[in-house]
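**Student:** So that we are looking at the same thing, I have put the structure below in C-alpha cells.
Protein chains: 2
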Amino acid sequence: MKPRVKLQSERLADKAYAILRTQILKGELPPGHALSVPELSRQLGVSRSPVREAVLQLVADGLAQEEARKGAVVAHFGLEDALQILEAREALEVASVRLGATRATAKDLALLNHVLQAQAKTIQEADLEGYQATDLKFHKLLGTLSHNLVLERMVGLLKDQSHLALESAAHDLAQLERGYLEHQAVLAALEARNAPQAARALQKHFKRIRESLESWLASDQTQPSTSK
Amino acid sequence: MKPRVKLQSERLADKAYAILRTQILKGELPPGHALSVPELSRQLGVSRSPVREAVLQLVADGLAQEEARKGAVVAHFGLEDALQILEAREALEVASVRLGATRATAKDLALLNHVLQAQAKTIQEADLEGYQATDLKFHKLLGTLSHNLVLERMVGLLKDQSHLALESAAHDLAQLERGYLEHQAVLAALEARNAPQAARALQKHFKRIRESLESWLASDQTQPSTSK
DNA sequence: AGTCTACATATTTCATGTAACATGTCAAGG
DNA sequence: CCTTGACATGTTACATGAAATATGTAGACT
Numbered sequence: 001m002k003p004r005v006k007l008q009s010e011r012l013a014d015k016a017y018a019i020l021r022t023q024i025l026k027g028e029l030p031p032g033h034a035l036s037v038p039e040l041s042r043q044l045g046v047s048r049s050p051v052r053e054a055v056l057q058l059v060a061d062g063l064a065q066e067e068a069r070k071g072a073v074v075a076h077f078g079l080e081d082a083l084q085i086l087e088a089r090e091a092l093e094v095a096s097v098r099l100g101a102t103r104a105t106a107k108d109l110a111l112l113n114h115v116l117q118a119q120a121k122t123i124q125e126a127d128l129e130g131y132q133a134t135d136l137k138f139h140k141l142l143g144t145l146s147h148n149l150v151l152e153r154m155v156g157l158l159k160d161q162s163h164l165a166l167e168s169a170a171h172d173l174a175q176l177e178r179g180y181l182e183h184q185a186v187l188a189a190l191e192a193r194n195a196p197q198a199a200r201a202l203q204k205h206f207k208r209i210r211e212s213l214e215s216w217l218a219s220d221q222t223q224p225s226t227s228k
Numbered sequence: 001m002k003p004r005v006k007l008q009s010e011r012l013a014d015k016a017y018a019i020l021r022t023q024i025l026k027g028e029l030p031p032g033h034a035l036s037v038p039e040l041s042r043q044l045g046v047s048r049s050p051v052r053e054a055v056l057q058l059v060a061d062g063l064a065q066e067e068a069r070k071g072a073v074v075a076h077f078g079l080e081d082a083l084q085i086l087e088a089r090e091a092l093e094v095a096s097v098r099l100g101a102t103r104a105t106a107k108d109l110a111l112l113n114h115v116l117q118a119q120a121k122t123i124q125e126a127d128l129e130g131y132q133a134t135d136l137k138f139h140k141l142l143g144t145l146s147h148n149l150v151l152e153r154m155v156g157l158l159k160d161q162s163h164l165a166l167e168s169a170a171h172d173l174a175q176l177e178r179g180y181l182e183h184q185a186v187l188a189a190l191e192a193r194n195a196p197q198a199a200r201a202l203q204k205h206f207k208r209i210r211e212s213l214e215s216w217l218a219s220d221q222t223q224p225s226t227s228k
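What follows is the structure, encoded as C-alpha cells:
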C-alpha cells in the first residue's frame, strides 16, 4: 500500500471556493460586491475555470446571487429576505431540536455546552466578533443533533445566509446576553430530553430575533430586497 | 424601447440543465448512471462548458452526486437517505402549511383543489405515472402556501430528491387512494384556516409514507446508502 | 492460477481563445 | 439641457486545448 499521507481534495476550484466563502462571511467581500471571474482569477493566481466553479457553488449556497449575462455579486439581502431566511431557519432548527431531544448523544450535548461556555466569555469581554462565531457554531450544532445529514446541511447553509443577511444588524450587549440565555434554555431542555420544551425555547429565541430585527427597521437604511 | 419580445435566458447551460433534470426525474437517466461531461456534450451537441455547469447545478440540487476526480452520477439513494429526505420534507412542508393556513390566498387553495381533482382522476384510471405528477404538484404547492421563497425553494428541491429516492417504491392502488385522502384532509384543514389541524393531517401523511417505505424493506433490494 | 506491471482509453481538471453582450464615457445633434 | 449613438472597456458564455488522473485490459513474472 501507498504511504500517501492523505491526499487532500486539492482541487483549485475547492480552494477558491473556500477562500471566497471565508472572505464573504468575514465581510471582506461586502454584500453587493461584484464577483468578476477574470478579476478573481487574477487575484487568486489561477485560471478562470476553477474560479467560475467556485462562484457557481457560492450561488448554489445562497451566498452569491447571479443575473444572466451580468455576473454574480455577493448576496445582499433586504429586510424581507432576512425575515424569510429566519422563518426557514426556525422550521429546520426546531425540527432538528425536536429530533435531537431523543437522538442527541452525550457528546453532542457536551459540545453544545462547550460552545455556550465560550459564548459566555465573549459576552464578558464584549467581543461581538467572538459572539457571532459561537452563535454560528451553536446553531450549526443544533443541526447535527437530528443526526440527519439533509437537515444538518440545510441548517448550515441557512445559518450562513442568515449571518450575511443580519451582518449589519445592531447588536447591543443586552441583546447578546438575551441570546445567550435563550441558548441555555434550549440546551437545558435538551439535557432533560424534553422535546416540546426545547422546541418552545428555540421558537422564543427566533421570535425575539425577528422582533428585534423588525424594530431595528426604525433606524433603518435601504433595504434592496433582492428577491423579486 | 426595444420591441424585443421577451429574450429568454437562452443559455445553453440552462437548456442542458433543464434537459438533464427532466431525464433524471423521468427515470430515463437511472440512479447511478454516469454523467460524463464529454459524453453528454456529444449527445447534446454543445461544448463541454455548458454541460459542466449543468452537471454542477444538478449536484447542487441533490439530483446528482459527485466524487472528486471521478465525475458525477445520477443520485442513488438508499433507504436511510430516503428516510432522512422524508424527515426534512416533513419539517419544511409542515412549517409551510402552518404558515399557509393564514397566508394562503383563495387562488392558492383553488390551485390545490384543482390538482386534487386531477389526482382523483388518476386513481380512477389507475394511472400511476399521472398520480406521481399530481403528487409532485400538490406538495410543491404546499411550499408556495408559505409565501416564503426560501421555504418554497427548499420544498421543491427536496420533493424532487424524494421523487428520485422513492422511484422504485412499490405503490399499489390502495396506497395511492390513501395518499389522496390524506391530501384532501390537509386541504380541508387549510380551507378551514386551521393551522394545527393542517399540520397534524400532513404529519399523518408523512408518517404513513415512512411506514410503508420501511415495511417495503421486507421485499427489499440493495440499499447503497450513498451518504457516508 | 494469481499478482503485478505496462499500456490504452476515457475523463476530470485546469488553462486559454474568442464572439456576444453589457455598461460607461463623451461628443454630436435635437 | 437632454437625448442619441459611436467608441472603449470589461465581462459573460461557449468552445477547445492539454496535463493529470482514474480505470480497464493484456501480458509477464512468481
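Protein chains in written order, with UniProt numbering: chain U, 1 to 228; chain D, 1 to 228.
Quick reminder that beta carbons are idealized off the backbone N, C-alpha and C, glycines included.
Classify D81 (chain U): buried if its beta carbon has 16 or more other beta carbons within 10 angstroms, exposed otherwise.
**Tutor:** With 16 or more other Cβ atoms within 10 Å, it is buried.
**Student:** Flag R21 (chain U) as yes if its beta-carbon sits less than 8 Å from any beta-carbon of chain D, otherwise no.
**Tutor:** no
**Student:** Any Cβ of chain D within less than 8 Å of the Cβ of L145 (chain U)?
**Tutor:** Using a Cβ-Cβ cut-off of 8 Å, L145 (chain U) does not count as an interface residue toward chain D, since no Cβ of chain D sits closer than that to its own.
**Student:** Here's the rule I'm using: 16 or more other beta-carbon atoms within 10 Å means buried, otherwise exposed. How should G62 (chain D) be labelled?
**Tutor:** The residue in question, G62 (chain D), is buried, as its Cβ has 16 or more Cβ neighbours within 10 Å.
**Student:** Quick test of your reading: V155 (chain U) and V97 (chain U), contact by CB under 8 Å. State the CB separation rounded to the nearest angstrom.
**Tutor:** Beta-carbon to beta-carbon, V155 (chain U) and V97 (chain U) are separated by about 10 Å, too far to satisfy the 8 Å threshold.
**Student:** Beta-carbon within less than 8 Å of R11 (chain U)'s beta-carbon, same chain only, minus the 5 sequence neighbours each way: which residues are those?
**Tutor:** P50
**Student:** Give me the subset of the segment 147-160 of chain D whose CB atoms are less than 8 Å from a CB atom of chain U, sorted by chain position.
**Tutor:** N148, L149, V150, L151, M154 and L158
**Student:** Apart from the five residues just before and just after R103 (chain U), which ones in its own chain have a Cβ nearer than 6 Å to its Cβ?
**Tutor:** H147
**Student:** From the beta carbon of L92 (chain D), is the nearest beta carbon of chain U less than 8 Å away?
**Tutor:** yes
**Student:** Run through chain D and tell me which residues come within less than 8 Å of I85 (chain U), C-beta to C-beta.
**Tutor:** In chain order: V150.
**Student:** Return the CA-CA distance between A199 (chain D) and L29 (chain U), expressed in angstroms with no decimal places.
**Tutor:** 41 Å
**Student:** Strictly under 8 Å for the Cβ-Cβ distance: is H56 (chain D) near chain U by that measure?
**Tutor:** Sequence inspection shows Leu at residue 56 (chain D); the His mentioned does not correspond to that position. At least one chain U Cβ lies under 8 Å of L56 (chain D).
**Student:** Locate the alpha helix (DSSP H) running through V97 (chain D), then write down its first and last residues.
**Tutor:** L79 to R103
**Student:** Nearest chain D C-beta to E53 (chain U) closer than 8 Å, yes or no?
**Tutor:** yes
**Student:** By the three-class DSSP mapping on this structure, what secondary structure does L111 (chain D) have?
**Tutor:** helix
**Student:** My assumption, with CB atoms under 8 Å, is that H139 (chain U) sits in contact with K159 (chain U). Please give the rounded CB distance.
**Tutor:** With a Cβ gap of about 5 Å, H139 (chain U) and K159 (chain U) count as contacting.
**Student:** Output the distance between the C-alpha atoms of L56 (chain U) and A188 (chain D), rounded to the nearest integer angstrom.
**Tutor:** The straight-line gap from Cα to Cα measures roughly 42 Å.
**Student:** What does Q65 (chain U) pair with, by DSSP beta-bridge criteria?
**Tutor:** U:V73
**Student:** Just the Cα atoms here: how many angstroms apart are A195 (chain U) and L99 (chain U)?
**Tutor:** 7 Å
**Student:** State the Cα-Cα distance for the pair F206 (chain U) and Q23 (chain D), rounded to the nearest angstrom.
**Tutor:** 40 Å
**Student:** I'd like to know if the segment 120-134 of chain U and the segment 128-137 of chain D are in contact, where contact means that at least 3 CB-CB pairs between them fall below 8 Å.
**Tutor:** Remark: fewer than three beta-carbon pairs, one from each stretch, lie closer than 8 Å, so the segment 120-134 of chain U and the segment 128-137 of chain D are not flagged as touching.
**Student:** At what residues does the alpha helix (DSSP H) containing D160 (chain D) begin and finish?
**Tutor:** Annotation: the continuous alpha helix (DSSP H) that includes D160 (chain D) extends over L149 to A165.
**Student:** Does the distance from the CB of G71 (chain D) to the CB of S47 (chain D) come in under 8 Å?
**Tutor:** Going by C-beta atoms, G71 (chain D) is not nearer than 8 Å to S47 (chain D).
**Student:** Would you call the CB atoms of A60 (chain D) and L164 (chain D) closer than 8 Å?
**Tutor:** no
**Student:** Tell me whether the beta-carbon of L145 (chain D) lies closer than 8 Å to the beta-carbon of V115 (chain D).
**Tutor:** Not in contact: L145 (chain D) and V115 (chain D) (Cβ atoms no closer than 8 Å).
**Student:** Does any CB atom of chain D fall closer than 8 Å to the CB of R11 (chain U)?
**Tutor:** At least one chain D Cβ lies under 8 Å of R11 (chain U).
**Student:** Classify Q221 (chain D) as helix, strand or coil using the three-state DSSP reduction.
**Tutor:** Because the pLDDT at Q221 (chain D) is just 48, under 50, the model does not fix this residue reliably, and the value given afterwards should be weighed accordingly. Under the three-state reduction of DSSP output, Q221 (chain D) falls in the coil class, being neither helix nor strand.
**Student:** Excluding the 5 residues flanking Q161 (chain D) on each side, which residues of the same chain have their C-beta closer than 6 Å to its C-beta?
**Tutor:** G62 and I85
**Student:** Please report the residue range of the alpha helix (DSSP H) in which E191 (chain U) lies.
**Tutor:** L173 to E191
**Student:** By the 9 Å beta-carbon criterion, what residues does the segment 64-79 of chain D contribute toward chain U?
**Tutor:** A68 and R69
**Student:** Hey, does K204 (chain D) have any beta-carbon neighbour from chain U nearer than 8 Å?
**Tutor:** no
**Student:** Where does the unbroken alpha helix (DSSP H) through S212 (chain U) begin, and where does it stop?
**Tutor:** A195 to S215
**Student:** Report yes or no: is there a C-beta of chain D within less than 8 Å of the C-beta of A95 (chain U)?
**Tutor:** yes
**Student:** At a CB-CB cut-off below 9 Å, which residues of chain U make contact with A60 (chain D)?
**Tutor:** L56, Q57, V59, A60 and D61
**Student:** Can you tell me whether DSSP reads A118 (chain D) as helix, strand or coil?
**Tutor:** Looking at A118 (chain D) - three-state DSSP - the assignment turns out to be helix.
**Student:** For L128 (chain U), which of helix, strand or coil comes out of DSSP?
**Tutor:** helix
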